[in-house]
Structure formats: C-alpha cells, structure tokens
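Quick notes on the structure that follows.
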Amino acid sequence: MDVRKLTLKQAIDGLSAGTFSAEELARSWLTTIRESDSALNSFVTLDEEYTLAQAREADRKRTSGEVLPLAGVPVAYKDIFCTQGLKTTACSKILGNFVPPYESTVTQKLKEAGAICLGKTNMDEFAMGSSNESSFFGPARNPWDTDRVPGGSSGGSAAAVAAGLAPAALGTDTGGSIRQPAAFCGITGMKPTYGRVSRRGIIAFASSLDQAGPMTRTAEDAAILLNHMCGRDPWDSTSSSEAVPDFTAELANSLKGKVLGLPKEYFAGELDSGIADALDAARKVLEQMGVTFREISLPHTHLAVPAYYVIAPAEASANLARYDGVRFGYRCENPQNLDDLYTRSRAEGFGEEVKRRILVGTYALSAGYYDAYYRKAQQIRRLIRDDFLKAFEEVDAIFCPTTPDVAFRLGEKTDDPVKMYQEDLFTIPVSLAGLPALSMPCGLVNGLPAGVQLVAPHFEESRLLNIAHQFQTETDWHTLQPGQKGA
Amino acid sequence: MALDKNDLNKIAYLARLEIAPENAERVLNDMDRILDFVDHMQQVDTEGVEPLAHPIESRQILREDRVTEPNQREALLANAPATENGCFLVPKVIE
C-alpha cells in the first residue's frame, strides 16, 4: 500500500470502512519512513514497537465496538511535545536522554481521541531557528530540493508531511515556526489563537507566544485534527476558556461577501516577485468565489521583529534556567562545585543559537536595561496588536505572504543571526498579537512552494479554515507533492 | 551600543554560561549586531503606551488550594544525572 498520498481524512475513512487496519497503516508508514527518511532526516526518534502497540490497541478497540474519532490515525509529533516513556529532546544535547514521566496535554487529548504517535520529528534546538539547522541531530531537509532548508523550527514535521511520511504532524509556533516551514514545504499549517491549545508538556521557549497547531496537507485535515487539540486545561493557566467550536462546521460555507485585507506593508520591498505573482493568482481565484479585497495598513509592522527579538529571548532566558544539570538532562563531567556544575553543563549542553538568545535575553532583563528593552518591546507589542484590531473593524481576515521568499539553501543564512531573524518578518507580527493564522500553498516559484498566509481575529480559526478549504476546492496546489528524487 | 568583554562575562555569568575565550570575539560581534537591530525599536515614541505582557488579557484564575497530585518521586528522579537516597545529588555546597 502506498500511503504517501493519503490525507488524514482518507486514513480515517479507510480505517472506518475496514479497507486497512490501524496496524497495517502504521506498518506502511513506518516502512515508508525507513525507506525514504535518510535523505530528509525529518524524524529524530522512531520506536516501531511503541507505535505498533498503539495501533494494535486501536484495532482491538474498534473490533470491540469502541469507535473513537481518530482511532488508529498516525500523527507525527515535533520533538518538543512530551511523550510519556518516549524520548523527548527538543533536539538539544542538554535533553539528549530525557524520557518524560508524563504526556503533554495536547498529545494526551489526541491519544484519547484514538490517534497514535508515529514518531518524533526534527526541529531547531528548543524551537529557536527558522531553518532547522540548529538541531543537535543535524538539519532536516526540504523534500522539494534536499539542498534547501525545510524552514523552522517545525522543519521535520513539515518535511515529513510534504514527503508523505506522515498524514499529519504537530508543530509549535512562537514566531512563525509552523507557518514558515509549511510555506517552504508546500503544506497547510495553522497556528491557533494564543491559549487555544494547552502548553502543558510542550517544552517552553517563549511562554507568552508559544502555541501548538496542526500541520497537514489540507485545510480539512487541519480542522479535523484541531477538533481534538483545544480547550481549557487546569494545568496551563493561560489556556483559554473560550468555547471550542466544531472546526469542520464552517468548511463548506460560501465565501460570497467576505472581505479580505491586503496589508500594504507586506507587499513592499522585501517580497520576492515570484511569490507576489503567486499571491496575485490566488487572489483572483478568491475574487471569482465572491471575495472582495481591500488595502489596509498595519503601520508598526517594521518594529515587530526587533520587539520579538527582545521578548522571545527574555522569556527564553527565564524558561531555560531550569536546565541546570541537577534534576534532568545533561550534566558535565567532574563538576568542581555547584557554579561549575551549572555553568559547564549549560555551556556544553546548549548549542550556539540557544546560548545567543539566552545571553540577549539575560542582558535585556538585567538591572538598568529593562525599561529600554523589555518594557519598550511590550509597548510596541501593544501597538502591533492594536494595528490588527483596527484592521479587523474593516475586514474579515487578512491575506498576505507567509515568507518573503521560497526556501533558501542550507548554510545560506547561518553566518548572520539577524539575517535569519528577518526571515520571519511576515509571521512575527501575528505571533505578538496572539492571532490565529494559517499558511497554505498557492503556487510554485522555480519549482519550490510559495505560501499564502491568512490571519483572523482572535478565536476565529473556523473562518481561516473555511477560506482555505474553499480555496482548496478550486485549486490543486495542496495536492502537489515533491518529485520522488529527494523524497 | 557596543559591549565589551567584561560586559559579556558579566552577562554570561548571570545566565550561568561560559564563553570560551576563543569564541568571545564572535559572540560579542553577534550580540552587537542583534542589539543594533533591536534598537530600531527606538524609532517610535511609546510615551504613555501601556505595555502588553500577554496577547489575550485575561484575569488570573484561582483554584482551591488542595493536594491533587500523587507522589511521583521515583518517576521524577528517573531522569536525574545523579541521585542518592531519593534526593538529587549535587557537589558539596557547604565547606
């Protein structure tokens, strides 16, 4: 059975109809991964017995009449989600042998819905990166061109789904880590509203920004998966009590009368002309479906990346203080005293980019600099959020590029951290505002995927999924898969 | 603004990180570039703007203060690099 083209929906339907069992499905995907992943390095941990045991359990439950909505559906998890009994490393040496004693809330919810864990996917170390090159386990590669990056930080999840090594994956997004790799790999990826999905058991990077979301081939699949991920969690005080709708309910709605905003700041100098053309073509498709477009302005856009590179490192420097070589994780050899234990364990256990961000964050929070950096960044954060809230008085959602260019080559941006940071200039403002956003493929530029980003008001994920699904009923960009050469 | 090696060592110590002397130049250079970039924030006047700590401003939710967790000492010690008698082991801290 060739499972590479199977969507999540088709897997669910095939399992319900008895076309294949959960065990057969899991075995087919595991075989596909074994045969194809050496070129992509999209998975960092596979435990066939762990996966097959869950698949057999799903089959047993189905036979006994207990039908769960995702029974036997394999999903790949970014290696940032704690999975009880299965190594979880955030692709860092410092967590290289960490086996969580508990399950993250979101993967627990998926488990309760019947989903099985196919394996853990590659990522930038502690989700800090836009190319997957900071992974301790080496970079994942883009299945469209293995000399190029899959994006980051959820690069392994994006590469795996694009290459058909998993029907769906989980990612996390702090400044674009779901949307940018989804765009680079030609898949659909959604960052829900901040607080929609519990952060409990997701290894923390920047707690006021981190959010988990689905990475799939279609918007319909994203809606199906999201249905089993959301909700208030007593274990995460920032998780939202907002009612969780059925995210598939509005997929079929007509787009007639919808108004989408085109933020003029996103179509300025930095945007590649090929991506601009792809977006223009997508816009025409939506116009034919009854959507009208209106130019809007988000005037503080250019301040988002600078503000983000204060807020995210500041929060990271606090969150990563827990890696001290005492309770879990890497410990240096022969510590001379407690300070030496802390300092060397951290210096040897963290990679370059992580250390850089801890240093920047520590500096920004240190005595005498707090107002100039952290407070200033939080003030800008409000200006950016207010820009969006004002725009949403006029438009239903925002339509813009996900990335300024297509996937870049490995090594192209590693010498200059600021160049790498600017890669996320279109995704970071949305993160600071805590809004839901989705990236989906809308064309190819020189054989590489281009992504369009849709942004909605807080808690309006259904609106994004509706627009994306309707677009995907009229176009076939989301069905394209990379040629088999790399994959 | 430019940081010097003393600044870097002070920041590194606050973060309990160690910068190898042969890397100090490069790390300083990277930090300068990042801080120069971050200084673009100063272009906008934010006088009177209330800082936004959190994208969704919600109230803190309280719960009843009672024990809900069972003891998981063994499970929690299982990942520790060194333990003794059910405790985490660290180098001697009292002379």
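Respectively, the protein sequence lines represent chains A and B.
No gaps in the numbering here: position 47 of the first sequence is 47 in my numbering, and each next residue is one more.
No gaps in the numbering here: position 43 of the second sequence is 1043 in my numbering, and each next residue is one more.
No residue lacks a Cβ here, since even glycine has one placed at the ideal position from N, Cα and C.
Chain A residues whose Cβ lies nearer than 7 angstroms to that of residue i
i                  : result
Ile1034 of chain B : Tyr309, Val360, Pro417 and Val418
Amino acids of chain A, ordered along the chain, whose beta-carbon sits closer than 8 angstroms to that of residue i
i                  : result
Pro1091 of chain B : Pro335, Gln336, Asn337, Leu338, Asp340 and Leu341
Glu1022 of chain B : Going along chain A, no residue has its Cβ under 8 angstroms from Glu1022 of chain B, so there is no contact; the nearest lies around 13 angstroms.
Val1044 of chain B : His300, Leu303, Ile380 and Leu383
Glu1050 of chain B : Gln379 and Arg382
Ile1094 of chain B : Neighbours of Ile1094 of chain B on chain A: none; closest Cβ ~10 angstroms, over 8 angstroms.
Within-8 angstroms CB hit, residue i to chain C
i                  : result
Asp1030 of chain B : Absent from the structure is chain C; the protein chains it does hold are A and B.
Neighbour list for residue i in chain B, Cβ cutoff strictly below 7 angstroms
i                 : result
Ala347 of chain A : Leu1017 and Glu1018
Tyr363 of chain A : Ile1011
Ala377 of chain A : Met1041
Ala433 of chain A : Pro1055
His458 of chain A : Ile1056
Pro306 of chain A : Phe1037, Val1038, His1040 and Met1041
Gly195 of chain A : Ile1056
Nearest-angstrom beta carbon gap, residue j and residue i [assumed within contact, 8 angstroms]
i                  : j                  : result
Val197 of chain A  : Ala212 of chain A  : 4 angstroms
Cys185 of chain A  : Ala222 of chain A  : That pair is no contact at about 14 angstroms.
Ala433 of chain A  : Phe388 of chain A  : 5 angstroms
Asp339 of chain A  : Val445 of chain A  : Wrong, their Cβ atoms sit about 52 angstroms apart, outside the cutoff.
Ser208 of chain A  : Pro1081 of chain B : So it is not a contact: roughly 31 angstroms between Cβ atoms.
Leu1003 of chain B : Met1041 of chain B : In fact, because the Cβ distance is near 18 angstroms, the residues do not count as touching under 8 angstroms.
Val418 of chain A  : Ile1034 of chain B : 6 angstroms
Leu303 of chain A  : Gly325 of chain A  : Wrong, their Cβ atoms sit about 38 angstroms apart, outside the cutoff.
Val1038 of chain B : Tyr309 of chain A  : 6 angstroms
Outcome for residue i when other beta-carbon atoms lying within 10 angstroms are tallied against a minimum of 16
i                  : result
Ile358 of chain A  : buried
Tyr370 of chain A  : exposed
Ala243 of chain A  : exposed
Ala158 of chain A  : buried
Lys258 of chain A  : buried
Lys78 of chain A   : buried
Lys1092 of chain B : exposed
Asp1045 of chain B : exposed
Glu111 of chain A  : Note that residue 111 of chain A is Lys in the sequence shown here, rather than Glu. Buried is the call here.
Gly349 of chain A  : buried
Arg322 of chain A  : exposed
Ile384 of chain A  : buried
Thr1068 of chain B : exposed
Cys1087 of chain B : exposed
Asp210 of chain A  : buried
Arg1059 of chain B : exposed
Ser16 of chain A   : exposed
Asp13 of chain A   : exposed
Leu40 of chain A   : buried
Ser64 of chain A   : exposed
Under 8 angstroms from the C-beta of residue i: neighbouring residues of chain B
i                 : result
Pro482 of chain A : What Pro482 of chain A touches in chain B: nothing, since even the nearest Cβ is about 34 angstroms away.
Pro101 of chain A : Gln1072, Ala1075, Leu1076, Ala1078 and Asn1079
Arg331 of chain A : Pro1081 and Ala1082
Ser240 of chain A : Ile1056 and Ser1058
Pro192 of chain A : Ordered by position in chain B, no residue passes the 8 angstroms Cβ test against Pro192 of chain A, which lies about 12 angstroms from the chain.
Ser237 of chain A : Gln1060 and Ile1061
Own chain, CB closer than 6 angstroms to residue i, minus 5 neighbours either side, in chain order
i                 : result
Lys90 of chain A  : Here residue 90 of chain A turns out to be Ala, not Lys, going by the sequence shown. For Ala90 of chain A, where only same-chain residues beyond five positions count, the Cβ hits under 6 angstroms are Ile80, Phe126 and Ile203.
Pro69 of chain A  : Ala113
Gln54 of chain A  : Ile116
Arg199 of chain A : Asp210 and Asp236
Close Cβ partners of residue i (< 8 angstroms) along its chain, the five nearest in sequence each way excluded
i                 : result
Lys9 of chain A   : Thr218, Glu220, Asp221 and Ile224
Thr107 of chain A : Tyr77, Phe81, Cys82, Thr83, Cys117, Leu170 and Gly201
Phe136 of chain A : Thr89, Cys91, Ser92, Lys93, Gly96, Glu125 and Gly351
Contacts of residue i in chain B (Cβ-Cβ under 9 angstroms)
i                 : result
Arg344 of chain A : Glu1018
Arg327 of chain A : Leu1076, Leu1077, Asn1079, Ala1080, Pro1081 and Phe1088
Arg356 of chain A : Val1027, Asp1030, Met1031 and Ile1034
Phe98 of chain A  : Asn1079
Ser366 of chain A : Lys1010, Ile1011 and Leu1014
Contact set between residue i and chain A, taken where Cβ atoms lie within less than 9 angstroms
i                  : result
Ala1053 of chain B : Ser208, Gln378 and Arg381
Close-in-space but distant-in-sequence residues of the same chain around residue i (CB under 7 angstroms, 5 per side omitted)
i                 : result
Pro482 of chain A : Pro143, Trp144, Ala162 and Ala163
Thr174 of chain A : Ala127, Phe205, Ala206, Leu209, Asp210, Ala312 and Ser431
Asp37 of chain A  : Phe43 and Leu165
Asn466 of chain A : Glu250, Leu251 and Asn253
heavy atom of the ligand ZN below 7 angstroms from residue i C-beta
i                 : result
Phe426 of chain A : Within the structure as shown, the ligand ZN is missing, as the structure has no ligands at all.
**Asked** Using 8 angstroms as the Cβ pair cut-off and three pairs as the minimum, do the segment 176-183 of chain A and the segment 141-161 of chain A touch?
**Response** yes
**Message:** Tell me whether the segment 265-281 of chain A and the segment 88-105 of chain A touch, counting them as touching only if at least three CB pairs, one residue from each stretch, are closer than 8 angstroms.
**Reply:** no
**Request:** Kindly confirm or deny that the segment 1075-1088 of chain B and the segment 404-422 of chain A touch, where touching means at least three C-beta pairs closer than 8 angstroms.
**Result:** no
**Asked** Okay, do the segment 390-400 of chain A and the segment 445-456 of chain A touch, 3+ Cβ pairs below 8 angstroms being the bar?
**Response** yes
**Message:** Taking contact to mean 3 or more Cβ pairs, one atom from each stretch, closer than 8 angstroms, check whether the segment 290-300 of chain A and the segment 1014-1027 of chain B are in contact.
**Reply:** no
**Request:** Indicate whether the contact test is met: 3 or more Cβ pairs, each with one atom in the segment 362-381 of chain A and one in the segment 256-270 of chain A, closer than 8 angstroms.
**Result:** no
**Asked** Three or more C-beta pairs closer than 8 angstroms, one from the segment 244-254 of chain A and one from the segment 457-472 of chain A: is that the case here?
**Response** yes
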